[in-house]
Structure formats: structure tokens, C-alpha cells
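Asks: Offset between the sequence shown (1-based) and this note's numbering: plus 60. For each residue, glycine too, the CB sits at the ideal point set by N, CA and C.
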Amino acid sequence: MLTMDDIVREGDPVLRAVAEPVNFPLSDEDKETGQRMLEFLINSQDPEIAEEHELRGGVGIAAPQIGISKRFIAIHLHDDNDRLYSHILYNPKIRSHSVENACLGGGEGCLSVDREVPGYVVRSARVTVEAFDIDGKPLKLRLKGYPAIVLQHEIDHLNGIMFYDHINKKNPSYLPPDVVVYE
Ligand code: UDB
Ligand code: ZN
């Protein structure tokens, strides 16, 4: 199983690289890596397993975060209505996004960042994501709220972007007008 020792930390150039698309049909290796990433998230949200292995409770992870510069991610989280979003997404792409912006009131963290970086990370409130599943089938997700934020955070990793790149340098707690804040 993957543990925090497998997670690449900031400073490693793989986190700043633009990752390569995966080829279809997927190799067994790309399938298994995706499954291991999703398993990591599920384990990290299990209180007993997380404590035993000192895992941070993860909701999303991108392949570059385990040192693989390829375009796939896993997410595992519940939204406000308790709907589960549990997916491994290959070559995900944001097809469209809302004009309205949103951010988390408490800012963001990252599995690859072992420090607190305060400040608002303003993102699109809603996104439509197209991707391929583990069987190579096309998939379209329409997301809002917390799941939309997680998706954008993970796709940023495929493009070498860290959450703090989006924080206003002069005033981290500056909030542009009309940004919805999730508490
Ligand atoms: C996370 N977890 O997984 F509001 F049930 C973060 C870490 C960095 C704190 C582990 C997280 O936000 N958990 C969480 C939050 C809730 C309710 C809940 C669990 N990530 C993923 C990551 O680093 N991927 O690269 C950071 C998130 C910050 C905003 C979106 C992703
Ligand atoms: Zn991250």
C-alpha cells in the first residue's frame, strides 16, 4: 500500500512538470497505479488505518505526487448531500467552468506540502470535467462546491501548479468581489 513515504514533497521538480497524457488501452501499470492511489485515499480516511500508518486524510491525489509524471488523478470524497465522488480519472480535462468563483474559507493544504500556507485560493465555482475511466470509457462529471475545488486542485498538479500559486502575494486574505466562500 501507498503511505506518506511515497508522497513526493514540494521542491521535487516532478511537481512543477507538465505531466504526459496516458495512452489507451491503458497499461496494467497505469491501471494498478490509479487503483493504488484511490486505495491510499480510502485508507487515509479510515481512522484505524490512518492512525496506524500516520496517513493524512486525503480527498484527492495526482500521479505526479507519487513521482509519476502522467495525467491521471484519484478523488474520494462526499459532498454536502453525502453523495460519494470516488473516481480514478485518466487524461482529465476541464471542458467548461462557471464565471462565478469560489474558495474554501480556511484556505487549502496539500499532501505534498508539510506547512501551512494561509490565504484564499480562488477557483471556479462549477466545472464540467471530461476524462476516461479505468476501462477507457469516456466520462463527464459536472461538479460544484467542494468536489469542484478538489478536482481543480488535482488537475493543477498535472500542469505543475501548486495551490499557493493562486494566493495573492501582497495580501493573502484579499478576496475579490463576488467570490463565494465555503465554510
Ligand atoms: C487533501 N485533505 O487531501 F473539509 F472530510 C487535504 C489534506 C492536504 C489536508 C490531506 C482534506 O482537505 N480533507 C478533508 C477536508 C474536508 C473534509 C474532509 C476531508 N488535499 C488533497 C491534495 O493535496 N491533493 O493533491 C488537499 C485539498 C485542499 C483543497 C482540495 C484538495
Ligand atoms: Zn495537492
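Does the ligand UDB have a heavy atom nearer than 7 Å to the CB of V210?
Replies: Result yes, Cβ under 7 Å from the ligand UDB.
Asks: Distance check for H113 and L144, CA to CA, integer angstroms please.
Replies: Spanning the two alpha carbons is a distance of roughly 24 Å.
Asks: When the distance is taken between beta carbons, is G220 closer than 8 Å to R76?
Replies: The answer is yes: Cβ separation under 8 Å.
Asks: As a quick check of your reading: which residues have a C-beta less than 6 Å from at least one non-hydrogen atom of the ligand ZN, in chain order?
Replies: Result (chain order): C170, L171, S172, H213 and H217.
Asks: Can you tell me whether Q125 sits near the ligand UDB, meaning its C-beta is under 7 Å from at least one heavy atom of the ligand?
Replies: For the ligand UDB, at least one heavy atom lies less than 7 Å from the Cβ of Q125.
Asks: For the ligand UDB, I want to know if L164 counts as a neighbour, meaning its beta carbon is within less than 7 Å of at least one of the ligand's heavy atoms.
Replies: Correct: L164 has its Cβ closer than 7 Å to the ligand UDB.
Asks: On the DSSP letters alone, give me the boundaries of the alpha helix (DSSP H) that G117 sits inside.
Replies: That residue, G117, is in no alpha helix (DSSP H); it is neither H nor E in DSSP.
Asks: Which residue marks the beginning of the beta strand (DSSP E) containing F132, and which one marks its end?
Replies: Here the beta strand (DSSP E) through F132 covers F132 to H138.
Asks: Work out the CA separation of T93 and L101 for me, nearest whole Å.
Replies: Each residue's alpha carbon lies about 13 Å from the other.
Asks: DSSP has L203 in a bridge; who is on the other side?
Replies: V187.
Asks: Under a three-way DSSP split, which group does E70 fall into?
Replies: Of the three classes helix, strand and coil, the one that applies to E70 here is coil, per DSSP.
Asks: Mind checking whether the beta-carbon of A122 lies closer than 7 Å to any heavy atom of the ligand UDB?
Replies: Yes, the ligand UDB has a heavy atom inside 7 Å of this Cβ.
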